[in-house]
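Participant: Quick one: this structure, given as structure tokens, is what I'll be asking you about.
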Amino acid sequence: MSTPIAQLQHAVKRYGQVTALDGVDLQLHSGELLALLGPNGAGKSTAVSLLLGLQRADGGCATLFGLDPQWLEARRRIGVMLQEAALQQSLRVEELIRLTMSYYPRPRAFGEVALLAGIEELLPRRYGKLSGGQKRRVQFALAICGDPEILFLDEPTVGLDIGARTAMWKTLRTLVADGCAIVLTTHYLEEAEALADRVAVLARGKIIAEGSVDAIRAHVAQRRIRCISAVPAETPRGWPEVSHVEREGEHLRIVAKDAEAVLRRLLAADPELRDLEVRRAGLAEAFVEITNPSGAAQKEAA
Amino acid sequence: MMDAAIAMSSTRVARAWLMEAKYEFLRLLRTPSFALPTILFPSLFFLLFAVLFNAGAGSAEAAARMLAGYSVFGVMAPGLFGFGVIVALEREHGLLTLKRALPMPPGAYLFAKMLMAMLFAAIAVLLLMLLAATLAHVRMPLTDWSALLAADVLGVLPFCALGLLVGTLVGGQGAPAVVNLIYLPMSFLSGLWLPLKLLPRFLQELAPAWPATHLGQIALSVSGQGGDHRVAMHALALAGFTVAFFAIAQRRLRKKG
């Protein structure tokens, strides 16, 4: 495999008592889209901010193109879209883009930036007068205007309507096809599914799963079974396919890998069983399972 | 791993600095709530005390002395507010973080703000001088006018550094209050409104501790309105304040962002 263009090596970051990153190893190779997934507070943004040189690791290290991320030579090859960035309200969109372009040795052509980010009609407007979604699109334009080799996008599509989100996905695919590597943090699993070559799942400061989207999905191919049955919770708990059982009044809830096998046993154990429901765990639910195995069954993803 | 693609010509870097300054200017121009008070306040004070309440014999001489004091009062604001309040807000709102992540040339951010503070100081002082020359009938040789202007414009720098320090220590909500708490008492304690010798003795002895005292003495001296004429010493003191405030602020910025 080629040398990584950005990496965290056993990175540790603490904020007082809280360990935000607990020995994270992460590599980004050129031309790939890596999605960082994880619940709030899992350490996604901290990982990104170490790679950007905004914070120093307390242990381990972060490098960009083999350099310290705080070096200007490294940062001239990246583009950034952070979660919270109040840009200058009184500047026009066009001015913000031209200013950011001036930081880069070889920026993209202005017209191309506006086209890729889909903000042509916003150019003459003051940033402060834009809606939340329009602001995100402008921030995206700033991220890509330097024609970067790596693009860091922290929750880029939050606040976008479906049309704008789809358009941004399309642009991201175009950029990756042109050889740009992307680090994307997101809450939206369908976003990772639609875009990512590789996914890394962070929870409590550690990477708990990493691989292709299919590999991650296979990881979490659980089914949920729900029925009204008198079978005591202890019975299915002993079956090998079952990962979780819970009783809620007369309802029995089971999470299992091989739903068919469990159903056969369950129906055999209780001929009176009724109101049977079997659902494939949505990606969102499955995701909760890997990030929080103990409390999985309680957390119904909305 | 360095290659030609990342080399950036010095003209492009210079351009980035100028762009930063240009857009900082546009931004302030479009924020009248900052620009107008900064430019008009000193002149309003001057109109009140040097023109309206200052009629009769010897009024022009008194007005000339007040011009020196109010001009220093006027240059403190763009430095203190422009850096203190704006840096605090931009830190809080994440703009500074974004700029640190972007390859903005180091120094361009502070350079742009410094240049704007000097520009706004120059505008405020020129307006003050116009009022002084017309309504208050102040007469001075041209060299004194220009020496006063130059001293004032350069004199913004220690207040930029002090403002920066405040901006790195205080949040956006608290910054205006803290800046005012420095601005107004320091103006008084430095003899900008009343001559130092009218202040109680212990306040006079404390005066050299305030940067504005030194700039005030320089302003009086170069415009031929008294002062102690130890311009070099005061300039040195101001340079010392500037370096010290700036160094502490830089350290905090690097640590905390």
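Chains A and B supply the protein sequences, listed in that same order. Numbers in my numbering are just positions in the first sequence, counted from 1, shifted up by 1484. Numbers in my numbering are just positions in the second sequence, counted from 1, shifted up by 92. All C-beta atoms, glycine included, are put in the ideal place defined by N, C-alpha and C.
Assign aspartate 1795 of chain A to buried or exposed, taking buried as 16 or more other Cβ atoms, counted over all protein chains shown, within 10 Å of its Cβ.
Facilitator: Shown here, chain A extends from 1485 to 1786; a query on residue 1795 of chain A therefore has no answer.
Participant: So, arginine 1592 of chain A versus leucine 194 of chain B, is the Cβ gap smaller than 8 angstroms?
Facilitator: No, these two residues do not count as a Cβ contact at 8 angstroms.
Participant: Does the beta-carbon of alanine 99 of chain B have 16 or more other beta-carbons within 10 angstroms, so that it is buried, or is it exposed?
Facilitator: It is exposed - the Cβ of alanine 99 of chain B has fewer than 16 other Cβ atoms within 10 Å.
Participant: Are the C-beta of proline 1488 of chain A and some C-beta of chain B separated by less than 8 angstroms?
Facilitator: No, because no Cβ of chain B sits closer than 8 angstroms to the Cβ of proline 1488 of chain A.
Participant: Against alanine 267 of chain B, what residues of chain A qualify as contacts under a CB-to-CB distance less than 7 angstroms, listed in chain order?
Facilitator: Residues of chain A passing the Cβ test: none, with the nearest at roughly 15 angstroms.
Participant: Tell me the rounded alpha-carbon separation between aspartate 1542 of chain A and arginine 1620 of chain A.
Facilitator: Rounded to whole angstroms, aspartate 1542 of chain A to arginine 1620 of chain A spans 31 angstroms at the Cα level.
Participant: When the Cα atoms are used, what is the spatial distance from proline 170 of chain B to valine 248 of chain B?
Facilitator: If you take the alpha carbons of proline 170 of chain B and valine 248 of chain B, they lie about 8 angstroms apart.
Participant: Measuring only the C-alpha atoms, how far is alanine 1786 of chain A from glycine 1522 of chain A?
Facilitator: Any reading at alanine 1786 of chain A needs caution, since the residue's pLDDT is 32, under 50, leaving its predicted position unreliable; the model's value is listed next. So the two alpha carbons sit approximately 16 angstroms from each other.
Participant: Closest by CA to histidine 1513 of chain A, which one among A/Ala1531, A/Ala1678, A/Ile1634?
Facilitator: If we check each option's Cα against that of histidine 1513 of chain A, A/Ile1634 comes out closest.
Participant: Under 8 angstroms, Cβ to Cβ, is there at least one residue of chain B near glutamine 1491 of chain A?
Facilitator: No, because no Cβ of chain B sits closer than 8 angstroms to the Cβ of glutamine 1491 of chain A.
Participant: Does the distance between the C-beta of leucine 298 of chain B and the nearest non-hydrogen atom of the ligand PLP fall short of 7 angstroms?
Facilitator: Of the ligands one can find in the structure shown there are none, so the ligand PLP has no counterpart to examine.
Participant: Cα separation between alanine 1570 of chain A and glycine 1616 of chain A?
Facilitator: Approximately 11 angstroms between the Cα atoms of the pair.
Participant: Can you pull the chain A neighbours of proline 195 of chain B, defined as C-beta to C-beta under 7 angstroms?
Facilitator: Leu1556, Arg1559, Arg1560, Tyr1587, Tyr1588, listed in chain order.
Participant: Using C-beta distances below 7 angstroms, list every residue in its chain close to glutamine 317 of chain B, excluding the 5 sequence neighbours before and after it, in chain order.
Facilitator: For glutamine 317 of chain B, where only same-chain residues beyond five positions count, the Cβ hits under 7 angstroms are Ala156, Arg157, Ala160.
Participant: Whole-angstrom Cβ separation of leucine 1517 of chain A and leucine 1656 of chain A, contact assumed at under 8 angstroms?
Facilitator: Contact flag correct, Cβ pair sits at about 7 angstroms.
Participant: Where does methionine 210 of chain B sit, in a helix, a strand or coil, going by DSSP?
Facilitator: Of the three classes helix, strand and coil, the one that applies to methionine 210 of chain B here is helix, per DSSP.
Participant: If we count the other Cβ atoms within 10 Å of its Cβ and call it buried at 16 or more, is glycine 1722 of chain A buried or exposed?
Facilitator: By the neighbour-count rule (16 or more Cβ atoms within 10 Å), glycine 1722 of chain A is not buried but exposed.
Participant: Quick one: what's got a C-beta closer than 8 angstroms to alanine 108 of chain B's C-beta in the same chain, skipping five residues either side?
Facilitator: The answer, listed in chain order, is Met196, Pro197, Ala200.
Participant: Hey, histidine 306 of chain B and histidine 326 of chain B are a contact pair by Cβ (cut 8 angstroms); roughly how many whole angstroms apart?
Facilitator: Going by Cβ atoms, the distance from histidine 306 of chain B to histidine 326 of chain B rounds to 4 angstroms, so yes, they are a contact pair.
Participant: Please go through the same chain and pick out, in chain order, the residues whose beta-carbon is closer than 8 angstroms to the beta-carbon of leucine 1575 of chain A, but skip the five residues on each side of it.
Facilitator: Counting only Cβ-Cβ distances below 8 angstroms, and skipping sequence neighbours, we find Leu1583, Arg1610, Tyr1611.
Participant: Does any residue of chain A have a CB that is nearer than 8 angstroms to the CB of arginine 107 of chain B?
Facilitator: So yes, arginine 107 of chain B belongs to the interface.
Participant: Count the C-beta pairs between the segment 218–225 of chain B and the segment 175–193 of chain B that are closer than 8 angstroms, then say yes if the count reaches three, no if not.
Facilitator: No, they do not touch.
Participant: If contact means a Cβ-Cβ distance below 7 angstroms, which residues of the segment 170–191 of chain B contact chain A?
Facilitator: Residues His185, Gly186, Leu187, Thr189, Leu190.
Participant: Run through chain A and tell me which residues come within less than 9 angstroms of tyrosine 115 of chain B, C-beta to C-beta.
Facilitator: What tyrosine 115 of chain B touches in chain A: Gln1572, Leu1575, Glu1579, Leu1580, Arg1582, Leu1583.
Participant: Count the other C-beta atoms from every protein chain shown that fall within 10 angstroms of the C-beta of proline 1720 of chain A, then say buried if there are 16 or more, exposed otherwise.
Facilitator: So proline 1720 of chain A ends up on the buried side.
Participant: Look at glutamine 1539 of chain A and glutamate 1639 of chain A and say whether their C-beta atoms are less than 8 angstroms apart.
Facilitator: Cβ atoms of glutamine 1539 of chain A and glutamate 1639 of chain A: not closer than 8 angstroms.
Participant: For alanine 267 of chain B, which residues in the same chain have their Cβ closer than 6 angstroms to its Cβ, ignoring the five residues on either side in sequence?
Facilitator: Within the same chain, alanine 267 of chain B has close Cβ partners Gly176, Val177, Ala180.
Participant: Just how far apart, CA to CA, sit methionine 210 of chain B and isoleucine 274 of chain B?
Facilitator: Approximately 19 angstroms between the Cα atoms of the pair.
Participant: Just the chain A side, please: which residues come within less than 8 angstroms of threonine 123 of chain B by C-beta, in chain order?
Facilitator: Within 8 angstroms Cβ-Cβ: Ser1574.
Participant: Please list, in chain order, the residues of the segment 151–167 of chain B that have any C-beta partner in chain A closer than 8 angstroms.
Facilitator: Within the segment 151–167 of chain B, no residue has a Cβ that lies closer than 8 angstroms to any Cβ of chain A.
Participant: In the DSSP assignment, the alpha helix (DSSP H) including glutamate 1677 of chain A goes from what residue to what residue?
Facilitator: Where glutamate 1677 of chain A is concerned, the enclosing alpha helix (DSSP H) stretches over 1673–1679.
Participant: Going by the DSSP bridge assignment, what does phenylalanine 1636 of chain A pair with across the sheet?
Facilitator: Looking at the DSSP assignment, phenylalanine 1636 of chain A forms a beta bridge with A/Val1564, A/Val1667.
Participant: Could you check if glutamate 1561 of chain A is buried or exposed, using at least 16 other CB atoms within 10 Å of its CB as the buried criterion?
Facilitator: Note that residue 1561 of chain A is arginine in the sequence shown, not glutamate. With 16 or more other Cβ atoms within 10 Å, it is buried.
Participant: Given a cut-off of 8 angstroms, decide if alanine 213 of chain B and glycine 166 of chain B are closer than it, judged by their beta-carbon atoms.
Facilitator: For glycine 166 of chain B and alanine 213 of chain B, yes; Cβs fall inside 8 angstroms.
Participant: Alanine 1680 of chain A to threonine 1641 of chain A, Cα distance in whole Å?
Facilitator: Computed Cα separation, rounded: 14 angstroms.
Participant: Rounded to whole angstroms, what's the CA-CA distance from leucine 132 of chain B to lysine 114 of chain B? Just pull it up for me.
Facilitator: Looking at the two C-alpha atoms, the distance is approximately 22 angstroms.
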